[in-house]
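Novice: Adding 5 to a residue's 1-based position in the sequence shown gives its number in my numbering.
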Amino acid sequence: VSEKSGTETWQKQNILLHVLSRSTGKSKIETNNLRLSCVALALALVQRCTVLYGELPSFREIMGPVRLLLSSLVLQATKYPPQLQELHQSVLEKLDVPGTYRPLVCDKRKPVPLKLYTPKIVKVLEFGRKQGSSKQEQERQRLVHKHRRELKGAVREIRRDNQFLAKMQLAEVMERDSERKRKVKQLFQSLAQQEGDWKALKRKKR
6 VSEKSGTETW QKQNILLHVL SRSTGKSKIE TNNLRLSCVA LALALVQRCT VLYGELPSFR
66 EIMGPVRLLL SSLVLQATKY PPQLQELHQS VLEKLDVPGT YRPLVCDKRK PVPLKLYTPK
126 IVKVLEFGRK QGSSKQEQER QRLVHKHRRE LKGAVREIRR DNQFLAKMQL AEVMERDSER
186 KRKVKQLFQS LAQQEGDWKA LKRKKR
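(1) When you compare each of L89, V102 and K120 to G69 by their alpha carbons, which one comes out closest?
(2) What three-state label does DSSP hand V178 in the structure shown?
(3) Do L61 and L100 count as a contact pair if the criterion is CB distance below 8 angstroms?
(4) Near L97, what residues of its chain come up, given a Cβ to Cβ distance below 6 angstroms and the 5 sequence neighbours on each side ignored?
(5) Quick one: residues in its chain with C-beta nearer than 6 angstroms to the C-beta of K157, no 5 flanking neighbours on either side, listed in chain order?
(6) Is the Cβ-Cβ distance between L89 and V44 less than 8 angstroms?
(7) Rounded to a whole number of angstroms, what is the C-alpha to C-alpha distance between K33 and Y106?
(8) Quick one: what does DSSP say C54 is sitting in, helix, strand or coil?
(9) Going by the CB atoms, is the gap between L50 and Y85 shorter than 8 angstroms?
(10) Would you mind reading off the limits of the alpha helix (DSSP H) that contains R65?
(11) What does the alpha-carbon distance come out to for the pair L121 and T55?
(12) H93 and L48 look like a contact to me (Cβ under 8 angstroms); what is the Cβ gap, rounded to whole Å?
(13) What residue from V160, P87, R164 and P116 has the CA that sits closest to K17's CA?
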């Protein structure tokens, strides 16, 4: 601030870009008010940084140059309005607060647990067949196995019936053969007897 005169009328206001671009041609009081508003904005930004990042371990080291700059403005701050002086002093006090440091230690590495596998439990049906996961699949497989069992049983019964029928047919054929042989034997015996009778009758006629 070039002069202390006119600072009593200063009020904090927002700074617009078009005002900064056309700062020439203004009176000293207007120029001082604009400069004071810029200083107030800068102090407000530094105060905002202390609120947001003041807990970081390296905050004091990062803000060291800013603290030195604000400390060098202590004598000039007497020309500032009381509101701006209070803001300057508040920011400087927050930057002067000593930080708490913890000694550097290596991170404790947690033991890497062994990779575990969740067992996949699958219900096993008859004949070692696995069961499906859904109820519909389980019901379908149950019906398939039931159908296969019934089909095997039916095939087994048909095979037994065929064997029985074959035995019956063989018995009938053998019985017919024996009956035919018996009749042929009787026929030969009858023919032999007739031949014997004819020969005996022929001898008597002589």
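The beta-carbon is built from N, C-alpha and C at its ideal position, and this holds for glycine as well.
Computed from a predicted model, the values in this text were never measured in an experiment.
Specialist: Working from what's here:
(1) V102
(2) helix
(3) no
(4) L75
(5) none
(6) yes
(7) 47 angstroms
(8) helix
(9) no
(10) F64 to I67
(11) 47 angstroms
(12) 6 angstroms
(13) P87
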